[in-house]
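Novice: Just passing along the structure, written as structure tokens.
In my numbering, the protein residues as written are 81 to 433.
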């Protein structure tokens, strides 16, 4: 029953990530090739500037309007407004301002939903249960982990256990970075550039910086974050129908179970993309596909890595790998031939005796 109802949950693992590359190999040209975005598009801005711009704009407006209605802005409107802003920021984590901003700019709510839906879907695909998905500052008041911001709460038991033991494995780091960087990926896919996600980047930096064995330098952290966003972009593209279904469910305010049901219902029939990719890699390993479609022996470090970017390429890989293995099998003696040769050798020795 679980396989029928939750097909996508945990369907992606380390053997089926979309891009079969190491973090250190993702330079700017590779980033552009794999995702269609340059580094600038995947670098979020600072949401803190929103408060600054809004405050300055409101102050200018009040300073110019107040004299027209016969009041002194420095003694009335400006102090009152400043007091309201401070109260909103520190009492309700900016929920009041966000409500006004959402009313003036409805697209902001959609952007937040797409950002959180990306976190939600990637975590789900990687087998991390979703605890809650918070979409506004009002909702975040009861969730202190998000400091008044929208956010998706996911649970990774393996990460928790490894953090407690003081030893975090690379596979766990990979999974965490994919989930956390997914929001940036979701925004970039829809709007061409990520605006939100500065706190996500900071979370990755703090997490990796807290790992002491081995220590993570700034270059390695940058490479890992870039790798995470590449994988997330490709996963979201691959599961576009489920992503859009999840966005729709969140927009309607559906409960968590209904959101999961929506993304599951939008999955393609038959074998899921990641499962198909893993099987394909197992079939062609240890071969890689050359630019001409032929297969060649892979370096030992890439023995089971094979990046399937299209069904046509996969088909070419299967054929090439099959031909290569058939040729190798033809040169290798069968068990019968080995046995006959061994018997002939024994018979020759007996004659000598």
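Beta carbons: idealized from backbone N, C-alpha and C, even for Gly.
On a predicted model such as this, the values are computed, not experimentally measured, just so you know.
(1) By Cβ distance, which residues of its chain are closer than 7 Å to residue 327, with the 5 residues on each side in sequence left out?
(2) Ordered along the chain, which non-local residues of its own chain (more than five positions away) have a Cβ less than 6 Å from that of residue 238?
(3) Pull up the DSSP beta-bridge partners for residue 232, would you.
(4) Report the three-state DSSP secondary structure of residue 335 (helix, strand or coil).
(5) Taking the alpha-carbon positions, what's the residue 358 to residue 106 distance?
(6) Report the residue from 261, 200, 114 and 96 whose alpha carbon sits nearest the alpha carbon of residue 325.
(7) Counting Cβ pairs, one atom from each stretch, are 3 or more of them under 8 Å apart for the stretch 82-102 and the stretch 285-294?
(8) Are the CB atoms of residue 264 and residue 122 within a distance shorter than 8 Å?
(9) Are residue 284 and residue 305 closer than 8 Å when you measure CB to CB?
(10) Tell me which residue opens and which closes the alpha helix (DSSP H) that residue 278 is part of.
(11) So what does DSSP say about residue 124, is it helix, strand or coil?
(12) Return the CA-CA distance between residue 354 and residue 90, expressed in angstroms with no decimal places.
(13) Taking 8 Å as the cut-off, decide whether the C-beta atoms of residue 234 and residue 214 are in contact.
(14) Just checking my contact of residue 322 with residue 346 at CB under 8 Å: how many whole Å lie between their CB atoms?
(15) How many angstroms separate the CA atom of residue 85 from the CA atom of residue 343?
(16) Looking at residue 266: is its Cβ nearer than 8 Å to the Cβ of residue 316?
(17) Quick one, are the C-beta atoms of residue 216 and residue 230 less than 8 Å apart?
(18) Report the rounded CA-to-CA distance for residue 371 versus residue 319, giving the unit in angstroms.
(19) Using DSSP's beta-bridge definition, name the partner residues of residue 292.
(20) Classify residue 370 as helix, strand or coil using the three-state DSSP reduction.
(21) Could you compute how far the alpha carbon of residue 333 sits from the alpha carbon of residue 150?
Specialist: A quick look at the data gives this:
(1) The sequence position of residue 327 within the chain shown is 247, counting from 1. The answer, listed in chain order, is 193, 194 and 197.
(2) The residue given as residue 238 occupies position 158 in the chain shown. Here the set comprises 252.
(3) The residue you call residue 232 lines up with position 152 of the chain shown. Paired residue(s): 213.
(4) Here residue 335 refers to the residue found at position 255 of the chain shown. Note: residue 335 maps to coil in three-state DSSP.
(5) Here residue 358 is taken as the residue at index 278 of the chain shown, counted from 1. Here residue 106 is taken as the residue at index 26 of the chain shown, counted from 1. Their Cα atoms are separated by approximately 21 Å.
(6) Here residue 325 corresponds to residue number 245 of the chain shown, with the count starting at 1. Closest by alpha carbon: 200.
(7) no
(8) Numbered from its first residue, the chain shown carries residue 122 at position 42. Numbered from its first residue, the chain shown carries residue 264 at position 184. For residue 122 and residue 264, yes; Cβs fall inside 8 Å.
(9) Numbered from its first residue, the chain shown carries residue 284 at position 204. Numbered from its first residue, the chain shown carries residue 305 at position 225. Going by C-beta atoms, residue 284 is nearer than 8 Å to residue 305.
(10) Within the chain shown, numbered from 1, the residue matching residue 278 stands at position 198. From DSSP, the alpha helix (DSSP H) with residue 278 extends over 278-289.
(11) Within the chain shown, numbered from 1, the residue matching residue 124 stands at position 44. In the structure shown, residue 124 sits in coil (DSSP, three-state: anything other than H, G, I, E or B).
(12) Locating residue 354 in the chain shown gives position 274, where the first residue counts as 1. Locating residue 90 in the chain shown gives position 10, where the first residue counts as 1. C-alpha separation (whole angstroms): 10 Å.
(13) As a working note, residue 234 is residue 154 in the chain shown. As a working note, residue 214 is residue 134 in the chain shown. Against a cut-off of 8 Å, the Cβ pair of residue 214 and residue 234 comes out as no contact.
(14) Locating residue 322 in the chain shown gives position 242, where the first residue counts as 1. Locating residue 346 in the chain shown gives position 266, where the first residue counts as 1. Confirmed, about 4 Å.
(15) Locating residue 85 in the chain shown gives position 5, counting from the first residue. Locating residue 343 in the chain shown gives position 263, counting from the first residue. Spanning the two alpha carbons is a distance of roughly 11 Å.
(16) In the chain shown, residue 266 corresponds to position 186, counting from 1. In the chain shown, residue 316 corresponds to position 236, counting from 1. In contact: residue 266 and residue 316 (Cβ atoms closer than 8 Å).
(17) On the chain shown, residue 216 is found 136 positions in, with the first residue counted as 1. On the chain shown, residue 230 is found 150 positions in, with the first residue counted as 1. Their beta carbons are under 8 Å apart, which means residue 216 touches residue 230 by this criterion.
(18) Residue mapping note: residue 371 aligns to position 291 of the chain shown, counting from 1. Residue mapping note: residue 319 aligns to position 239 of the chain shown, counting from 1. Bear in mind that the predicted position of residue 371 carries a pLDDT of just 48, short of 50, making it unreliable; the figure below should be weighed with that in mind. About 26 Å.
(19) Translated into positions along the chain shown, residue 292 becomes position 212. In DSSP, residue 292 forms a bridge with 295.
(20) Indexing the chain shown from 1 puts residue 370 at position 290. Residue confidence for residue 370 is low, a pLDDT of 49 falling below 50, so the modelled location carries little weight; the figure read from the coordinates is stated next. Coil at residue 370, not helix or strand.
(21) On the chain shown, residue 333 is found 253 positions in, with the first residue counted as 1. On the chain shown, residue 150 is found 70 positions in, with the first residue counted as 1. So the alpha carbons of these two residues sit roughly 45 Å apart.
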